[in-house]
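Only one structure is covered here, and it is reproduced in the block below.
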Amino acid sequence: MKLELEGITKRYGAKTVVNKVTQSFTHGVYGLLGPNGAGKTTLINIIATVLKADDGTIRVNGKIAGHSPEYREFIGYLPQHMGYYNNFTGEEFLDYIWNLKNRKGEPSQVESLLKRFHLYDMRNKKISVYSGGMKQRLGIAQAIIGEPEILLLDEPTVGLDLEERAEFKRYIKELGEKTIVFLSTHIVSDVEETADEVMLMTHGSITERITSEEYNAMIAGNETTGLEEYYLGKVGKELM
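Residues in the sequence shown are numbered from 9 upward in steps of one, following the working numbering.
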């Protein structure tokens, strides 16, 4: 799988929120790191076909990808603010998402994901009684179900405790071996141990793209400098 973004641009009136983003991706975990308002969520939403770009093209394996069911079948998506049918149980919700992804006739992944994300004991409880962390884990599960080839995660660790965040990072690393994973966040520690590449985004543009080898070498070369310090030096007060 190869995903290419060519000149992706989004404007709201006179304000350009995403500015001529041109990048290509194969399997791996890509941390999209930037301050609030940098354009991360807008870019993720364009790739997910939630928004339409004003200019630019998305290609998958060399072919133009539009707002089509065929393209959406490649995608798993966790938005920053996930909506739920609160009268559904957790199991009913994942069954619903499974069927939306046209996986009829295939062995269901619902039970395994409920177990993987520690929701199996709550599977018959309505989502309305789930804690914030449970809802976030359910959101991650629905994004992953169906084994998408492009996985878009916007602030995925919000509401997770330290143990859940550590387990999430391990799982995302596994997925990156065969999936294009975008991890959009303003929290540096969410990507430092997870991403194969980190993309720095400010003012709607991807200003830098650093491989894990590069930022690990940077850290090794200066004991007082980590990815967070490096990023703060690039964007300064915008991160705060």
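Glycine included, every Cβ here is placed at the ideal spot set by N, Cα and C.
Measuring CA to CA, which of the options is closest to residue i?
i       : options                           : result
Glu-172 : Ser-192, Ser-220, Gln-144         : Gln-144
Ser-220 : Ile-214, Val-206, Asp-62          : Val-206
Asn-44  : Ile-66, Tyr-93, Thr-30, Leu-208   : Leu-208
His-89  : Leu-40, Lys-177, Val-189, Leu-161 : Leu-161
Leu-41  : His-211, Val-196, Gly-154         : Val-196
Thr-49  : Leu-108, Leu-191, Glu-14          : Leu-191
Leu-122 : Leu-183, Ile-16, Asp-103, Thr-57  : Asp-103
Lys-133 : Phe-96, Ile-54, Ile-83            : Phe-96
Tyr-85  : Asn-107, Glu-182, Pro-164, His-35 : Pro-164
Taking its Cβ as the centre, do 16 or more other Cβ atoms sit within 10 Å of residue i, making it buried, or is it exposed?
i       : result
Lys-60  : exposed
Pro-77  : exposed
Val-137 : exposed
Glu-185 : exposed
Tyr-93  : exposed
Tyr-20  : exposed
Thr-210 : buried
Lys-177 : buried
His-75  : exposed
Ala-174 : exposed
Asp-198 : buried
Leu-51  : buried
Thr-34  : exposed
Going straight from the alpha carbon of residue i to that of residue j, what length do you get?
i       : j       : result
Ala-149 : Leu-11  : 23 angstroms
Ile-218 : Glu-201 : 13 angstroms
Lys-71  : Ile-180 : 27 angstroms
Val-118 : Ala-151 : 12 angstroms
Ala-22  : Ala-46  : 16 angstroms
Pro-87  : Ala-225 : 33 angstroms
Ile-66  : Gln-31  : 10 angstroms
Pro-115 : Thr-215 : 43 angstroms
Asp-63  : Met-9   : 23 angstroms
Ala-289 : Gly-91  : Because the chain here runs from 9 to 248, residue 289 falls outside it and cannot be looked at.
Asn-69  : Ile-83  : 14 angstroms
Ile-158 : Val-189 : 6 angstroms
With DSSP collapsed to three states, give me the class of residue i.
i       : result
Lys-18  : strand
Lys-109 : coil
Thr-49  : helix
Asp-63  : strand
Leu-146 : helix
Ser-197 : helix
Ser-116 : coil
Ser-139 : coil
Lys-123 : helix
Lys-23  : strand
Ile-4   : The chain is shown only over 9 to 248; residue 4 falls outside these bounds and no answer can be derived.
To which residues does DSSP link residue i through a beta bridge?
i       : result
Glu-205 : Tyr-38, Thr-219
Gly-84  : Leu-159
Lys-71  : Val-68
Val-189 : Val-37, Leu-159
Val-29  : Ile-16
Leu-11  : Phe-33, Val-68
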